[in-house]
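Peer 1:
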Amino acid sequence: MELHEQIFQYIISGLTLGTIYAVIALGFNIIHNATGIVNFVQAEFVTLGGMLMYSFYSLLKIPLPFSFLLSTAAVTVIGALIERGPIRMAKSKAIIILVFITIGISSTLRGTALLVWGPDNMPIPSFSGEKVIRIFGAALLPQHLWIFAITIGVVIFLQYFFHRTLTGKAMRAVSANRRAASLAGINVNRMILLSFAMSGGLGAVGGMIIAPISTTSYDTGVMLSLKGFAAAILGGYGNSTGAILGGLILGVLESLGAGLISSKFKNAFAFLILLLVLFLKPSGLLGHGEAERV
Amino acid sequence: MGRRSGCSMFFGKKQNLFLIILALLIILIPVFVKNKYYFTVMNVIGLNTIVVVGLNLLIGFAGQISLGHAAFYGMGAYLSAILTTTYHFPPWPTMVIAMLATGVVAYFVGYPSLKLRGHYLVMATLGFNIIVNIFMVELDNITGGPSGFPGIPPLSIGKLTFDNDYKNFYLIWTFAFFSILVSLNLVNSRVGRALKAIHGSEVAANTLGVNTDHYKTKVFVLSAIFASLSGSLYAHYLTFVSPRSFDFYYSIQVVTMVIVGGMGSIWGAFFGAGLLTVLSEILHVAEKYNIIVYGTLLTLVLVFLPEGFLVGLYRFYQKRKTKALIEGEQRLIS
């Protein structure tokens, strides 16, 4: 393959990964905007999406669209339960305590996933065949197209939800000013519940669409979601356009770095970028300067 | 802050007594305990105590959380391992070199992120931890890669070589004892009061002339140096290191120890290290359930006893005592 073809190939696979990071980053943002915390359970949302998809689609042979919806619904409910249970019951609402509660829940769920599905990587068949499509010399799988299409669908849905529906607007109001929102008659707790549920659903979608390419196991979500988190920081934490941009840039840089520099350090690139952003421009690419220096 | 006055009430006046009891325990335990396995567990507790006591200074007093202490612990371990084994450096000076090197690295990680408001240190240290771990695995010609680095020489003083669990018990616990002593002194010093002020209100502390960035960075570097010291001891004790011991799950574990013990209570940190190390050992029998129990415990303690196990239970006991007193009074009146 010529160099420019190779680079093109890297960019394609980078964009694929990047869209996954973007979906996960959006999940981080929704909870961050509602509560101000970093939700480490995001990793398990991604894992559970993939593993439930495996159970429903590969084991129980439930048709694809239903498996997809069932898994999304299940993880959405799990997200809601996490908020309704430990997060709401917590005696201290200090951010740092809530963050570590999510770390605790994340360990519990990861352990449970290990018990239920075991430690092995599980394959999931592609949504529609394996026939390679060639574009300018780069190889593209149908699954790549599914990933792009579903991500675009998710982004359009979120855009519509947050800007056109009353509930979405109420959620934005809560993130802008919780007390004012509450005074305006918005049920803040319900909005937080909704943010956990949506985050769960988003994580699950991310985990399901990447699974046919990367296989899925009880801890696939960990690395993916940490990188999604790096993407959220890169784009400007809390900013949804930033999350998408951050995800795509991170995916492409990682893929180019792994391909052209060294594949050994593939996983290190995302975190090097994370550190550089934190040190040089902590508000991220599109942040509003919330991370002011003191 | 109110919640810390609880623990200082609990431990404040009796601090010297507790120190003497701890010293006596360290001297006497080997007289009574003969089981080699118990020594291994106690040594691991000692190593964890050093890390956790340092980390507790950062979390409890500077109000900042690090998810990168496994990396600093690992840097101590790997620097000691590589320099003494491959390059035949003398072990003791190497330990100091490792501590200094780790301190410098911690400064460069901590300083930029501590200048920012919010919890940026968590993210920066988490990223840093993952990068360091990847380097441990991938630089295999220097670090031995994923299979680890064997053949590290044990420490020795003169003719005394610390080459078994029993001798290492004294070595590790001497360091653990002094790390507790240093932290207690630090907390009760000018620096400690500055740190408490920062935890209470950063803005107020700043207005009163406390250079908050400066203190936070200092305590972060200090806690990294504690971790590095513990890492070096670990390397010379086990004579083998591998990357898996230093991934970010270990960072989460040590933070859990601090939180379960009670943030800001040094004795609580010691207690947390002991409790969770023993718990992990017991759970090793049922390895499958290890991470579930760990996670559930962390969640439950945080949800119901956010001040930590020790302080939380003490508060509960106090409340009941007060309630009993009130009821007694009421009975007297009626």
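Here the protein sequences come in this chain order: A and B.
My numbering applies: residue 1 is where the first sequence begins, and numbers increase by one.
My numbering applies: residue 1001 is where the second sequence begins, and numbers increase by one.
The beta carbon of each residue, even a glycine, is placed where N, CA and C say it ideally should be.
Going by beta-carbon coordinates alone, are residue 108 (chain A) and residue 1296 (chain B) separated by less than 7 angstroms?
Peer 2: Taking 7 angstroms as the Cβ cut-off, residue 108 (chain A) and residue 1296 (chain B) qualify as a contacting pair.
Peer 1: Which value, in whole angstroms, describes the spacing of the CA atoms of residue 54 (chain A) and residue 188 (chain A)?
Peer 2: Residue 54 (chain A) and residue 188 (chain A): Cα-Cα distance of roughly 35 angstroms.
Peer 1: Under a CB-based cut-off of 7 angstroms, is residue 1207 (chain B) close to chain A?
Peer 2: No, its Cβ sits nowhere closer than 7 angstroms to a Cβ of chain A.
Peer 1: Quick one: does residue 108 (chain A) have its CB under 7 angstroms from some CB of chain B?
Peer 2: Yes, its Cβ sits closer than 7 angstroms to a Cβ of chain B.
Peer 1: Tell me whether residue 138 (chain A) sits in a helix, a strand or coil according to DSSP, three-state version.
Peer 2: Of the three classes helix, strand and coil, the one that applies to residue 138 (chain A) here is strand, per DSSP.
Peer 1: Is it right to say residue 42 (chain A) is buried, meaning 16 or more other beta carbons lie within 10 angstroms of its own, or is it exposed?
Peer 2: Under this definition residue 42 (chain A) is a buried residue.
Peer 1: Any contact of the segment 1228-1245 of chain B with the segment 1161-1178 of chain B, i.e. 3+ C-beta pairs under 8 angstroms?
Peer 2: Enough Cβ pairs lie closer than 8 angstroms, so yes.
Peer 1: Assuming contact is defined by CB atoms lying nearer than 7 angstroms, are residue 29 (chain A) and residue 182 (chain A) in contact in what I supplied?
Peer 2: No. Outside cutoff.
Peer 1: Could you name the residues of the segment 1292-1309 of chain B whose beta carbon sits closer than 9 angstroms to any beta carbon of chain A, in the order they occur along the chain?
Peer 2: Cβ contacts with chain A: 1292, 1293, 1294, 1295, 1296, 1297, 1298, 1299, 1300, 1301, 1302, 1303, 1304, 1305, 1306 and 1307.
Peer 1: Going along chain A in order, which residues have a C-beta closer than 7 angstroms to the C-beta of residue 1124 (chain B)?
Peer 2: What residue 1124 (chain B) touches in chain A: 275 and 278.
Peer 1: Starting from residue 1128 (chain B), follow its DSSP beta bridges and name the residues at the other end.
Peer 2: According to DSSP, residue 1128 (chain B) bridges with nothing at all.
Peer 1: Among all the DSSP beta bridges, which residues are the ones paired with residue 1150 (chain B)?
Peer 2: Its beta-bridge partners are B:1240.
Peer 1: For the segment 150-170 of chain A, enumerate the residues whose C-beta is nearer than 7 angstroms to any C-beta of chain B, in chain order.
Peer 2: Listed by position, the residues of the segment 150-170 of chain A near chain B (Cβ gap below 7 angstroms) amount to none.
Peer 1: For the alpha helix (DSSP H) containing residue 1185 (chain B), name the first residue and the last one.
Peer 2: Here the alpha helix (DSSP H) through residue 1185 (chain B) covers 1165-1187.
Peer 1: Can you give me the C-alpha to C-alpha distance between residue 1160 (chain B) and residue 1154 (chain B), rounded to a whole angstrom?
Peer 2: Residue 1160 (chain B) and residue 1154 (chain B): Cα-Cα distance of roughly 10 angstroms.
Peer 1: Is the distance from the Cβ of residue 1127 (chain B) to the Cβ of residue 275 (chain A) below 7 angstroms?
Peer 2: A contact, by the Cβ cut-off of 7 angstroms.
Peer 1: Give a yes or no on whether 7 angstroms exceeds the smallest Cβ distance from residue 1131 (chain B) to chain A.
Peer 2: Closer than 7 angstroms: yes.
Peer 1: Flag residue 218 (chain A) as yes if its beta-carbon sits less than 7 angstroms from any beta-carbon of chain B, otherwise no.
Peer 2: It does not: the Cβ of residue 218 (chain A) has no partner Cβ on chain B nearer than 7 angstroms.
Peer 1: Report the neighbours of residue 1107 (chain B) on chain A: residues whose CB is nearer than 9 angstroms to its CB, in chain order.
Peer 2: What residue 1107 (chain B) touches in chain A: nothing, since even the nearest Cβ is about 13 angstroms away.
Peer 1: So residue 1060 (chain B) packs on residue 1220 (chain B), CB below 8 angstroms; how close in whole Å?
Peer 2: With a Cβ gap of about 13 angstroms, residue 1060 (chain B) and residue 1220 (chain B) do not count as contacting.
Peer 1: Can you give the beta carbon distance from residue 250 (chain A) to residue 234 (chain A), rounded, assuming they're within the 8 angstroms contact cut?
Peer 2: With 8 angstroms as the limit, residue 250 (chain A) and residue 234 (chain A) qualify as a contact, their Cβ atoms being about 6 angstroms apart.
Peer 1: Does the CB of residue 1113 (chain B) have a neighbour CB from chain A at under 7 angstroms?
Peer 2: With 7 angstroms as the cut-off, residue 1113 (chain B) counts as an interface residue toward chain A.
Peer 1: Is residue 283 (chain A) close to chain B, meaning its C-beta is less than 7 angstroms from at least one C-beta of that chain?
Peer 2: Closer than 7 angstroms: no.
Peer 1: Which residues does DSSP list as the beta-bridge partners of residue 1279 (chain B)?
Peer 2: According to DSSP, which records beta bridges pairwise, residue 1279 (chain B) is partnered with nothing at all.
Peer 1: If I follow the unbroken alpha helix (DSSP H) through residue 950 (chain B), where does it start and stop?
Peer 2: For chain B, the structure presents residues 1001 to 1334; residue 950 (chain B) sits outside this window and is missing.
Peer 1: Please go through the segment 1249-1306 of chain B and give each complete alpha helix (DSSP H) segment of 4 or more residues, from N-terminal end onward.
Peer 2: Counting only runs of 4 or more, we get 1266-1285 and 1287-1304.
Peer 1: Ignore the nearest five residues each way along the sequence and tell me which others in residue 76 (chain A)'s own chain have a CB closer than 6 angstroms to its CB.
Peer 2: Cβ neighbours of residue 76 (chain A) beyond the five flanking positions: 197, 200 and 201.
Peer 1: Looking at chain B, is there any beta carbon in it that lies within less than 7 angstroms of the beta carbon of residue 89 (chain A)?
Peer 2: Judged by the 7 angstroms Cβ criterion, residue 89 (chain A) is in contact with chain B.
Peer 1: Below 8 angstroms, how does it come out for the segment 1272-1282 of chain B and the segment 1034-1050 of chain B: are there three or more Cβ pairs, yes or no?
Peer 2: Taking 8 angstroms as the limit for Cβ pairs, the verdict is that the segment 1034-1050 of chain B does touch the segment 1272-1282 of chain B.
Peer 1: When DSSP labels each residue in this structure, what does residue 1156 (chain B) get in the three-state scheme?
Peer 2: Correct three-state label for residue 1156 (chain B): strand.
Peer 1: Listing by chain order, which chain A residues have their CB less than 9 angstroms from the CB of residue 1289 (chain B)?
Peer 2: Those within 9 angstroms of residue 1289 (chain B) in chain A are 111 and 115.
Peer 1: If we define contact as Cβ-Cβ less than 7 angstroms, is residue 271 (chain A) a contact residue for chain B?
Peer 2: At least one chain B Cβ lies under 7 angstroms of residue 271 (chain A).
Peer 1: When you compare only the Cα positions, how much space is there between residue 253 (chain A) and residue 1140 (chain B)?
Peer 2: Looking at the two C-alpha atoms, the distance is approximately 25 angstroms.
Peer 1: Say whether chain B places a C-beta atom closer than 7 angstroms to the C-beta of residue 267 (chain A).
Peer 2: Cβ-Cβ to chain B under 7 angstroms: yes for residue 267 (chain A).
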